[in-house]
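Participant: Pasting in a structure now, in structure tokens, and then I'll have a few things to ask.
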Amino acid sequence: MPNSLQFVQRKFQEYYVKNKIQLPPRFAQREYGFMFFDREGMVRHLGFSSENEIIDFLIKNLPAHAYYSSAYYRDPKAQRMDDKDWMGADLIFDLDADHMVSGNFTYEEMLSIVKKEAKKLIYEFLLEDFGFNKKDLSIFFSGGRGYHIHVRNNKIYQLDSDERREIVSYITASNMNFDSFIKEQLMKGKIFNENEGGWYGKFSREIRHVAILLRELHDSENYREIESVLKDAGIKNRKRFMDLLFITKKVFREGSYVSEKRIIDILADMDDPKRINYLGDEENIVTFFQLIKHFVSIDLVGETDEPVTTDVHRLIRLPGSLHGKTGFRVTPVTLDEFDSFEPLKDAVVKEFFINEIKANVKKDFSIRVLDQDFRFKVGEDIMPEGIALFGILRGFVEL
Amino acid sequence: MDDRTLSGMFPFLKSVSYLYRGLSLKDLFSSTAYSDARTFAYSVIMKNLGEGDVIYPPSYEMKYLGYHMVRMILAYLNDKILTGRVAIFFRDYFETNFISIDDREVMKRVSAELDVEIMIQGNEFSINVFDYISNIERLGDDYRLFYQRLKNGYVIFSGKGSREKVTKILRESFYRKFIESVESIESIPEEMILYYREELARIKEARDENISKYSTVEYGDIDEDSFPPCIKEIIKRIMNGENVSHNARFTLVTFLKQIGFSGERILEIFRNVPDFDMRMTEYQVKHITGEKGKTVYSVPKCSTIELYGLCVRDKYNDSLCRKEWMTHPLIYYRFKKRSKGSPGPQDSLDGSDMAKKSNNNHE
Numbered sequence: 434m435p436n437s438l439q440f441v442q443r444k445f446q447e448y449y450v451k452n453k454i455q456l457p458p459r460f461a462q463r464e465y466g467f468m469f470f471d472r473e474g475m476v477r478h479l480g481f482s483s484e485n486e487i488i489d490f491l492i493k494n495l496p497a498h499a500y501y502s503s504a505y506y507r508d509p510k511a512q513r514m515d516d517k518d519w520m521g522a523d524l525i526f527d528l529d530a531d532h533m534v535s536g537n538f539t540y541e542e543m544l545s546i547v548k549k550e551a552k553k554l555i556y557e558f559l560l561e562d563f564g565f566n567k568k569d570l571s572i573f574f575s576g577g578r579g580y581h582i583h584v585r586n587n588k589i590y591q592l593d594s595d596e597r598r599e600i601v602s603y604i605t606a607s608n609m610n611f612d613s614f615i616k617e618q619l620m621k622g623k624i625f626n627e628n629e630g631g632w633y634g635k636f637s638r639e640i641r642h643v644a645i646l647l648r649e650l651h652d653s654e655n656y657r658e659i660e661s662v663l664k665d666a667g668i669k670n671r672k673r674f675m676d677l678l679f680i681t682k683k684v685f686r687e688g689s690y691v692s693e694k695r696i697i698d699i700l701a702d703m704d705d706p707k708r709i710n711y712l713g714d715e716e717n718i719v720t721f722f723q724l725i726k727h728f729v730s731i732d733l734v735g736e737t738d739e740p741v742t743t744d745v746h747r748l749i750r751l752p753g754s755l756h757g758k759t760g761f762r763v764t765p766v767t768l769d770e771f772d773s774f775e776p777l778k779d780a781v782v783k784e785f786f787i788n789e790i791k792a793n794v795k796k797d798f799s800i801r802v803l804d805q806d807f808r809f810k811v812g813e814d815i816m817p818e819g820i821a822l823f824g825i826l827r828g829f830v831e832l
Numbered sequence: 019m020d021d022r023t024l025s026g027m028f029p030f031l032k033s034v035s036y037l038y039r040g041l042s043l044k045d046l047f048s049s050t051a052y053s054d055a056r057t058f059a060y061s062v063i064m065k066n067l068g069e070g071d072v073i074y075p076p077s078y079e080m081k082y083l084g085y086h087m088v089r090m091i092l093a094y095l096n097d098k099i100l101t102g103r104v105a106i107f108f109r110d111y112f113e114t115n116f117i118s119i120d121d122r123e124v125m126k127r128v129s130a131e132l133d134v135e136i137m138i139q140g141n142e143f144s145i146n147v148f149d150y151i152s153n154i155e156r157l158g159d160d161y162r163l164f165y166q167r168l169k170n171g172y173v174i175f176s177g178k179g180s181r182e183k184v185t186k187i188l189r190e191s192f193y194r195k196f197i198e199s200v201e202s203i204e205s206i207p208e209e210m211i212l213y214y215r216e217e218l219a220r221i222k223e224a225r226d227e228n229i230s231k232y233s234t235v236e237y238g239d240i241d242e243d244s245f246p247p248c249i250k251e252i253i254k255r256i257m258n259g260e261n262v263s264h265n266a267r268f269t270l271v272t273f274l275k276q277i278g279f280s281g282e283r284i285l286e287i288f289r290n291v292p293d294f295d296m297r298m299t300e301y302q303v304k305h306i307t308g309e310k311g312k313t314v315y316s317v318p319k320c321s322t323i324e325l326y327g328l329c330v331r332d333k334y335n336d337s338l339c340r341k342e343w344m345t346h347p348l349i350y351y352r353f354k355k356r357s358k359g360s361p362g363p364q365d366s367l368d369g370s371d372m373a374k375k376s377n378n379n380h381e
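What follows is the structure in structure tokens.
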């Protein structure tokens with residue numbers, strides 16, 4: 434057996450001997466699946482009836498990746514899916530950098546983008562719109578590039594694939610026609626109430642946010658940013674449009690004169706749902722709505738990997754297990770800790786950073802772990818075992 | 019509103035069944051005391067087989083009993099298409115009755131028995147979001163969740179038309195539950211077979227004359243084998259008497275029209291859907307195929323079909339569907355049909371460059 438593989442398996446063994454894994458509720462009703470370092474494919478359709486049995490399996494077999502089913506079955510060990518007798522499934526959301534981050538980002542930056550999206554998903558959608566309780570949600574750092582959110586609540590176990598897809602479509606607004614929102618508001622001559630549920634309230638609240646943002650950019654003379662924002666939104670006649678927003682208008686309330694204000698201040702500060710009409714003719718209002726629509730699509734639309742949520746037989750990483758491509762732990766995070774959670778600190782197995790080892794770097798790489806920057810160039814070098822482990826699993830290092 | 023009245027308006031309510039406890043099935047299917055109920059049941063079945071009109075009994079009791087007789091008859095016939103049609107009939111019966119009541123408590127009670135949690139405040143209705151999404155599959159795009167006022171786990175309807183919308187959600191739940199309630203009858207009561215023999219024989223005759231007539235469809239020159247799996251699946255579901263979604267119907271009609279089906283042939287297929295209405299379907303088919311109206315709708319592409327939840331690529335594991343260039347059902351049809359004529363090159367196209375199916379796990 435090559436040295437690298439031996440080393441990886443030894444580290445995984447040390448970990449599983451010393452650490453507990455977090456068993457999912459109804460763990461005996463779940464299917465388990467594993468992938469290994471030294472063979473192809475996945476071993477699945479396994480079942481366990483006690484915690485010790487799972488730990489024993491992990492220690493003996495040292496899998497690279499450990500999974501359990503979001504579904505629970507009467508007979509999780511049945512070889513054919515149809516024979517398992519599906520009883521229900523947790524509702525799973527998967528946020529993965531692969532699906533949402535494009536461009537040149539470091540691992541750390543990627544994780545922080547995904548974390549921001551996860552927060553939006555949790556607070557704006559799961560808690561606020563869908564009304565889940567905090568205790569219904571379990572959040573996990575995947576050990577790789579993202580977060581998993583598991584929802585457990587009596588109302589969701591029985592949802593089928595289509596029903597789960599409807600939830601995802603709501604969150605990602607996929608195939609949703611925002612123009613119908615614009616039309617409706619134009620027709621009524623007023624914007625939606627900010628407290629209205631669903632995308633109506635979101636759209637309306639965004640009007641205020643965008644107005645405040647433009648005002649700030651304008652007042653701080655950041656014209657270049659304004660230009661780029663408007664251009665991205667596909668606004669033509671940008672100069673004319675900006676001028677319009679900063680025209681001063683007489684403000685009336687219930688027919689009587691109140692004061693003079695810039696249109697941008699009216700849009701940003703006033704509560705009047707008809708304030709949109711200060712923009713003048715329909716063309717201007719449509720242009721403004723177009724800008725809002727653009728912001729809604731970048732700021733408010735939620736991200737989550739659809740096939741994961743809609744698959745009611747999905748296998749998902751076992752909390753507490755190690756991720757076979759990083760050596761990091763699949764780590765539970767409570768909602769209260771989520772803000773301060775730092776994956777490259779809190780999901781790192783600290784025992785792997787006590788000893789150092791000599792390793793052969795095959796490809797330059799760098800990573801920031803446990804608040805330290807590690808940077809290696811091709812050639813022999815000494816590094817903490819945890820870094821060697823990460824490097825081997827990513828293919829940068831050999832022993 | 020007393021329970022007796024409710025039992026006639028909403029005969030599915032379990033909470034009113036106590037009123038009828040102890041009734042003998044023998045009496046039900048033979049005594050003159052219940053002939054109104056039997057007439058009602060018989061006429062509902064026959065109407066849905068295309069014969070005669072429904073004869074409503076004057077009393078709530080007879081309506082209740084007739085409804086449950088219908089369920090037993092349907093269980094006995096075990097015919098998905100007919101059950102689906104009768105489900106639509108009673109769904110509409112439910113809708114008419116539900117819209118007519120004003121009593122909030124009754125509304126809540128009826129909803130609860132349909133497993134739809136509702137809160138009512140003034141003219142505002144709040145439906146539990148998960149009950150809501152379980153009942154919109156067959157409703158139009160307006161009912162998609164992202165167009166609703168969703169807050170704190172409830173979809174909120176207020177203002178004009180709310181009552182109607184809420185009723186639509188409930189009737190969909192009723193429809194599903196009605197079919198379940200027929201399918202869950204395990205043993206057919208002997209009393210019915212014994213005392214209701216003649217009527218059952220007449221019903222069967224009418225059924226064989228009507229429904230079997232339009233259960234088969236011939237495709238002629240058109241190569242059904244070359245249909246992509248998603249289209250085959252929709253047809254299969256329709257043939258099984260399933261009430262498929264609007265998007266499924268739309269996809270099927272545009273596809274069939276494009277490959278050369280006549281409007282009439284398309285209609286033939288739709289005769290199997292439970293809520294088949296000749297005039298309505300004809301209008302819709304003509305509308306979609308551009309015979310009526312200005313727009314000619316095109317066949318949705320693969321990504322749209324996927325969004326509709328109609329893509330069955332994974333279920334059938336079809337290698338052609340996994341090709342990177344497979345973006346449209348018509349491409350599939352054309353390719354498959356052509357490659358059948360010249361089997362040579364197809365082999366090299368299949369398999370070797372097949373995108374590897376990702377396995378069931380992820381980061």
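Quick note, the sequences are listed as chains C and B, same order. The first sequence lines up with residues 434 to 832 when you count with my numbering. The second sequence lines up with residues 19 to 381 when you count with my numbering. C-beta: ideal position from N, C-alpha, C; glycine also. Since the model is a prediction, treat every value here as computed from it, not as a measurement.
For R352(B), which of helix, strand or coil comes out of DSSP?
Facilitator: Helix, per DSSP.
Participant: Where DSSP assigns a beta bridge to F809(C), which residues make up the other side?
Facilitator: Bridge partners of F809(C): F798(C).
Participant: Quick one: Cα of E596(C) to Cα of G278(B), how far?
Facilitator: Distance between the alpha carbons of E596(C) and G278(B): 34 Å.
Participant: Which term fits S280(B), buried or exposed, when burial requires 16 or more other beta carbons within 10 angstroms of its beta carbon?
Facilitator: It counts as exposed.
Participant: What would DSSP say about H478(C), mapped onto helix, strand or coil?
Facilitator: H478(C) falls in the strand class under three-state DSSP.
Participant: Examine chain C for any beta-carbon lying closer than 8 Å to the beta-carbon of V147(B), and answer yes or no.
Facilitator: Yes, V147(B) lies at the interface with chain C (some Cβ there is under 8 Å from its Cβ).
Participant: Given this structure, state the Cα-to-Cα distance separating R301(B) from I709(C), to the nearest angstrom.
Facilitator: The residue you asked about is not Arg; residue 301(B) is Tyr in the sequence shown. The straight-line gap from Cα to Cα measures roughly 41 Å.
Participant: Alpha carbon to alpha carbon, how far is H642(C) from Y465(C)? Give it in angstroms, no decimals.
Facilitator: In a straight line, the C-alpha of Y465(C) is about 46 Å away from that of H642(C).
Participant: Given a limit of 9 Å on CB to CB distance, which residues of the stretch 153–185 of chain B reach chain C?
Facilitator: Listed by position, the residues of the stretch 153–185 of chain B near chain C (Cβ gap below 9 Å) are I154, E155, D159, R162, L163, F164, Y165, Q166, R167, L168, K169, N170, G171, Y172, V173 and I174.
Participant: Identify the contact partners of R598(C) in chain B, using a Cβ-Cβ distance below 8 Å as the criterion.
Facilitator: The answer, in chain order, is G327.
Participant: Output, in sequence order along the chain, the residues in the stretch 549–572 of chain C whose CB is closer than 8 Å to any CB in chain D.
Facilitator: In the structure shown, chain D cannot be found, because the protein chains are C and B.
Participant: Among the residues of its own chain, which have a CB less than 7 Å from the CB of T743(C), if the five just before and after it don't count?
Facilitator: The residues are S594, R597, R598 and V601.
Participant: So, using beta-carbon positions, are A59(B) and V200(B) closer together than 8 Å?
Facilitator: No, the Cβ-Cβ distance between A59(B) and V200(B) is not below 8 Å.
Participant: How would you write the range of the alpha helix (DSSP H) that N228(B) sits in, first residue to last?
Facilitator: Per DSSP, N228(B) belongs to the alpha helix (DSSP H) from R215 to N228.
Participant: The stretch 623–652 of chain C: which residues have C-beta closer than 7 Å to a C-beta of chain B, in chain order?
Facilitator: Per Cβ criterion, the list reads E629, G630, G631, W632 and Y633.
Participant: Let's test the definition: count the other Cβ atoms within 10 Å of the Cβ of Y78(B) and tell me whether it reaches 16, buried, or not, exposed.
Facilitator: Y78(B) should be labelled buried.
Participant: Check the Cβ of I386(B) against every Cβ in chain C and list those closer than 8 Å, keeping chain order.
Facilitator: Look at the range of chain B in this structure, 19 to 381, and you will see that residue 386(B) is not part of it.
Participant: Taking its Cβ as the centre, do 16 or more other Cβ atoms sit within 10 Å of K453(C), making it buried, or is it exposed?
Facilitator: Per the 10 Å Cβ criterion, exposed.
Participant: Do S118(B) and E142(B) count as a contact pair if the criterion is CB distance below 8 Å?
Facilitator: Not in contact: E142(B) and S118(B) (Cβ atoms no closer than 8 Å).
Participant: Give a yes or no on whether 8 Å exceeds the smallest Cβ distance from Y603(C) to chain B.
Facilitator: Cβ-Cβ to chain B under 8 Å: yes for Y603(C).
Participant: Closest to F460(C) by CA distance: which of V802(C), K567(C), L646(C) and D523(C) is it?
Facilitator: The residue with the shortest Cα to Cα distance from F460(C) is D523(C).
Participant: Who does P347(B) pair with in a DSSP beta bridge?
Facilitator: Answer is none; P347(B) lacks a bridge partner.
Participant: Looking only at its chain, what residues have a beta carbon closer than 6 Å to the beta carbon of I800(C), apart from the 5 residues adjacent to it on each side?
Facilitator: Excluding sequence neighbours, I800(C) sits near F807.
Participant: Using a C-beta cutoff of 8 Å, does K588(C) count as contacting chain B?
Facilitator: True, the Cβ-Cβ gap to chain B drops below 8 Å.
Participant: Ordered along the chain, which non-local residues of its own chain (more than five positions away) have a Cβ less than 7 Å from that of L751(C)?
Facilitator: Answer for L751(C): I454, A499, Y500, Y501 and V763, listed in chain order.
Participant: Tell me the start and end of each unbroken alpha helix (DSSP H) in the stretch 239–307 of chain B that is at least 4 residues and wholly inside, in chain order.
Facilitator: Complete alpha helix (DSSP H) runs here, min 4: 247–257, 264–276, 281–288 and 296–307.
Participant: On the DSSP bridge assignment, give the partners of A55(B) in chain order.
Facilitator: DSSP lists no partner for A55(B).
Participant: Compute the Euclidean distance between the alpha carbons of F294(B) and S244(B), then round it to the nearest angstrom.
Facilitator: Whole-angstrom Cα-Cα distance: 27 Å.
Participant: Please compile the residues from chain B whose C-beta is within a distance smaller than 9 Å of the C-beta of S607(C).
Facilitator: Result: F164 and L325.
Participant: Give a yes or no on whether the minimum CB-CB distance between P361(B) and chain C is below 8 Å.
Facilitator: Legend: pLDDT at P361(B) = 39, less than 50; position of this residue unreliable, no value from coordinates given.
Participant: Helix, strand or coil: which one does DSSP assign to A499(C)?
Facilitator: Correct three-state label for A499(C): strand.
Participant: Quick one: residues in its chain with C-beta nearer than 7 Å to the C-beta of F395(C), no 5 flanking neighbours on either side, listed in chain order?
Facilitator: Chain C is shown only over 434 to 832; residue 395(C) falls outside these bounds and no answer can be derived.
Participant: Which residues bound the alpha helix (DSSP H) around G536(C)?
Facilitator: Premise fails: G536(C) is in no alpha helix (DSSP H) and is neither H nor E.
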